[in-house]
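First to last, the sequence lines map onto chains G and D.
Residue numbers for the first sequence follow our numbering, beginning at 486 and rising by one.
Residue numbers for the second sequence follow our numbering, beginning at 23 and rising by one.
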Amino acid sequence: DTGVSQNPRHKITKRGQNVTFRCDPISEHNRLYWYRQTLGQGPEFLTYFQNEAQLEKSRLLSDRFSAERPKGSFSTLEIQRTEQGDSAMYLCASSHDVQLNTGELFFGEGSRLTVL
Amino acid sequence: AQTVTQSQPEMSVQEAETVTLSCTYDTSESDYYLFWYKQPPSRQMILVIRQEAYKQQNATENRFSVNFQKAAKSFSLKISDSQLGDAAMYFCASQGGVFYGGATNKLIFGTGTLLAVQP
Chain G
486 DTGVSQNPRH KITKRGQNVT FRCDPISEHN RLYWYRQTLG QGPEFLTYFQ
536 NEAQLEKSRL LSDRFSAERP KGSFSTLEIQ RTEQGDSAMY LCASSHDVQL
586 NTGELFFGEG SRLTVL
Chain D
23 AQTVTQSQPE MSVQEAETVT LSCTYDTSES DYYLFWYKQP PSRQMILVIR
73 QEAYKQQNAT ENRFSVNFQK AAKSFSLKIS DSQLGDAAMY FCASQGGVFY
123 GGATNKLIFG TGTLLAVQP
């Protein structure tokens with residue numbers, strides 16, 4: 486399967502702990518996005534990478550959140566000192582470079598975070 | 023800023039019937055795309071249909087079609103001959119701006135419409 490892969494699929498943690506999610510995009514995609522989706526809401530944009538460069542961060546991404554994409558391949562999203570309000574589904578998506586871009590994003594199945 | 027509004031939290035349709043999901047949007051961009059994405063339970067979001075704003079012709083993909091009213095900023099999705107597998111959450115989304123190398127071109131989503139298909 487060459488789709489977007491996210492791990493772990495579900496993470497349960499206690500408040501105050503750190504968690505890290507990983508996203509492996511489709512191999513030829515150089516654009517990578519992180520979204521957060523809470524119950525009953527649509528996905529909300531968190532951050533965007535073009536290759537290894539993080540080009541945009543949402544105001545939703547507090548100082549406790551950090552995302553990286555070393556070498557422009559996989560990406561990680563780390564949440565430090567988790568709070569109950571961080572409980573959500575974290576979605577990763579990737580797409581082609583602008584020359585090939587149809588505007589479509591390809592999504593992974595998401596990583597669900599539950600903070601107790 | 024872009025906003026997308028879906029005013030129908032839930033919809034229901036009988037199998038083989040037709041249903042229309044509503045979406046309105048607001049954007050200051052002159053060049054943008056609109057999308058409908060489908061999110062089945064516990065599955066990843068997949069693209070249903072896409073519309074370029076500069077095209078007047080409504081997009082169609084098999085049983086799925088859109089009614090794009092640019093002046094009214096309306097973008098509804100029609101599903102014909104509904105099937106049980108169409109049951110899912112449907113999200114309307116916009117993507118704006120000029121498409122160049124440094125642009126983010128992120129999707130802005132509505133809150134979704136949960137579609138139930140009755141056998």
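Beta carbons: idealized from backbone N, C-alpha and C, even for Gly.
The structure presented is a predicted model; accordingly, all values stated were derived computationally and were not measured.
Could you check the C-alpha separation between Q502(G) and Q565(G) for me, to the nearest Å?
-> Roughly 7 Å between the two C-alpha positions.
When the cut-off is 9 Å and only beta carbons count, does Y575(G) lie next to chain D?
-> Judged by the 9 Å Cβ criterion, Y575(G) is not in contact with chain D.
Exposed or buried, Q535(G), counting other C-beta atoms within 10 Å across all chains shown (16 or more means buried)?
-> By the neighbour-count criterion, in which a residue is buried when 16 or more other Cβ atoms sit within 10 angstroms of its Cβ, Q535(G) is buried.
Which chain D residues are close to Q526(G), counting only those with a beta carbon under 8 Å from its beta carbon?
-> Listed along chain D, the residues sitting closer than 8 Å to Q526(G) by beta-carbon distance are T133, G134.
Cβ separation of A110(D) and L137(D), assumed to be a contact under 8 Å, to the nearest whole Å | Contact between A110(D) and L137(D) holds, since their C-beta atoms are separated by about 6 Å, short of 8 Å.
Going by the CB atoms, is the gap between A552(G) and L546(G) shorter than 9 Å?
-> Closer than 9 Å, so yes.
Three-pair Cβ contact test at 8 Å for the region 522–542 of chain G versus the region 36–56 of chain D = Not touching, per the Cβ criterion.
Comparing alpha-carbon positions, which option in Q491(G), S512(G), Q539(G) lies nearest T505(G)?
-> T505(G) has its Cα closest to that of Q491(G), out of Q491(G), S512(G), Q539(G).
Check the Cβ-Cβ distances between F559(G) and every residue of chain D, and say whether any is below 9 Å.
-> At a cut-off of 9 Å, the C-beta of F559(G) has no neighbouring C-beta in chain D.
Would you kindly work out how many angstroms separate the C-alpha atoms of Q61(D) and P555(G), rounded to a whole number?
-> Pairing Q61(D) with P555(G), the inter-Cα distance amounts to about 29 Å.
Tell me whether L106(D) sits in a helix, a strand or coil according to DSSP, three-state version.
-> DSSP places L106(D) in helix when its eight states are reduced to three.
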